[in-house]
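Structure, as structure tokens:
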Amino acid sequence: MSAQLILQPGKERSLFRRHPWIFAGSVERLAGRARLGDTVEVIAGKQVLAKAAWSPESMIRARVWSFDPDEIIDNAFFKRRVAAAVARRGVLPWLTLQQGLRLIHAESDGLPGVIADKYGDTVVVQLTSAGADKWREAIAGALAQATGCSRIYERSDSDVRGLEGLEPRTGWLRGEAPTGGMGDIVIEEHGVKMAVDIVGGHKTGFYLDQRDNRRLLGELSAGKRVLNCFCYTGGFSLQALAGGATQVVSVDSSEPALAQARANLALNPHLDAGRAEWCGANVFDELRRLRAAGETFDLIVLDPPKFAPSASHAERAARAYKDINLQGFKLLAPNGLLMTYSCSGGIGLELFQKIVAGAALDSGRSARIVQRLQGAADHPVDLAFPEGEYLKGLLVQVS
Ligand code: SAH
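Laid out in structure tokens, this is it:
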């Protein structure tokens, strides 16, 4: 019999709204024994409200697998949830032909702690919660069945695993590396080839969430001088070149990322490499250097890493966002566009907009939002789980 997580009185309300997290402060006690990742029944009064994964070391003490008190959490459960996530994407026309595609977006696909991205015929899984970790085999089997992919690689090396009491873990769950090494995984995105390093790259290797925004940048780039800050492997830069930019200056502090970016450009002989300039530097310094040199750009992308992983980092992060946006505004030519993002869970859309507004004000530029930007449709946000909306962006035009 599974253990029972007894909620404090009144703490069942978020479960009635189908929010999947149960915080430590909501738990009265655990009746029975449960180990890391075991399934427990969530009880309020005498009623079973949900089945959840027990995570004794985390502030999020349990994550709900199912709000159906009778649903059994077993291999078949994961088969159903994974197949449903894959099927949902199959009806969204923007997604059906993508070679790089997020198949499972954790909580928003009913699978807390489970990320799965597909690159060609290879699936990369990242398991970040105790419950997900426990069901590794079931999840791998379900992914193999739902996709027909014979290669599944695990990239469970994200820092957040530490909060759950889990060690990093990487390696092949199904199949093995193709001969010639992993440099072989190449996907095409909006007509541009991109190599994806699933073993050593960020996240599962690529920032799939920005797919639509990279296309938008391409559409805006004809005849423009573009600055792409935090360029990683050049996703935005190559779309700008493909869209007809006259020059694209890309900045990143990671040499391996820049080397990959250059290699990606070489994979696309139809793009004019003479228009691309790669700059290994700290963006905070480089923006000031460009300003001091009197440079201006028609289009600037700011896609920094997560400055605020949680709300406790929000203040320091806000200063960092303000700084780069302020410097960005100063570098824009008349009528220029700033495409600016935050992927910090700790900074909400409203706060982000305020920060950007403050930056515009201090730069002395008048500016207006011409479009709000978000993650692509394979990174959906469950309406019951607003925390899923981590990526927010603004396309802002100055006078
Ligand atoms: N826009 C990219 C993803 C950006 S990820 C895409 O579409 O693929 C964030 C990048 O910022 C990483 O490549 C990281 O190396 C870089 N980075 C982090 N801090 C930096 C800093 N202070 N200066 C320059 N680059 C930085």
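Position 180 (the sequence shown) corresponds to 181 in the working numbering; numbering is contiguous.
In this text, a Cβ means the ideal position worked out from N, Cα and C, and glycines have one as well.
Keep in mind the model is a prediction, meaning the values are calculated, not measured.
query, result
"I want to know whether the stretch 322-335 touches the stretch 382-390 - three or more CB-CB distances under 8 Å.", "no"
"Assuming VAL193 and GLN240 are in contact, meaning their beta carbons sit under 8 Å apart, how far apart are those beta carbons, in whole angstroms?", "6 Å"
"Which residues bound the alpha helix (DSSP H) around LEU220?", "In the sequence under discussion, the amino acid at residue 220 is Glu, which differs from the Leu named in the question. Per DSSP, GLU220 belongs to the alpha helix (DSSP H) from 212-221."
"Name the DSSP beta bridge partners of TRP55, please?", "ALA63"
"Taking 7 Å as the cut-off, does the CB of THR171 come closer than this to any heavy atom belonging to the ligand SAH?", "no"
"State yes or no: is the C-beta of GLY236 nearer than 7 Å to some heavy atom of the ligand SAH?", "yes"
"Does the distance between the C-beta of HIS191 and the nearest non-hydrogen atom of the ligand SAH fall short of 7 Å?", "no"
"If we require 4 or more residues per run, which alpha helix (DSSP H) segments fall completely within the stretch 303-356?", "315-332"
"Note down the Cα distance separating LEU93 from LYS12, rounded to an integer number of angstroms.", "37 Å"
"Should ASP304 be labelled buried (16 or more other beta-carbon atoms within 10 Å of its own) or exposed?", "buried"
"Using 7 Å as the cut-off, classify the Cβ of ASP379 as near or not near the heavy atoms of the ligand SAH, replying yes or no.", "no"
"At a cut-off of 7 Å, would you count SER254 as near the ligand SAH, judging by its Cβ distance to the nearest heavy atom?", "yes"
"Is any heavy atom in the ligand SAH found nearer than 7 Å to the beta carbon of PRO305?", "yes"
"Span of the beta strand (DSSP E) holding VAL43?", "40-45"
"State whether the stretch 45-61 contacts the stretch 20-36, with contact taken as three or more CB pairs (one from each stretch) at a distance under 8 Å.", "yes"
"Could you tell me the alpha carbon to alpha carbon distance between ALA139 and LEU98, rounded to whole angstroms?", "27 Å"
"So what does DSSP say about ARG30, is it helix, strand or coil?", "strand"
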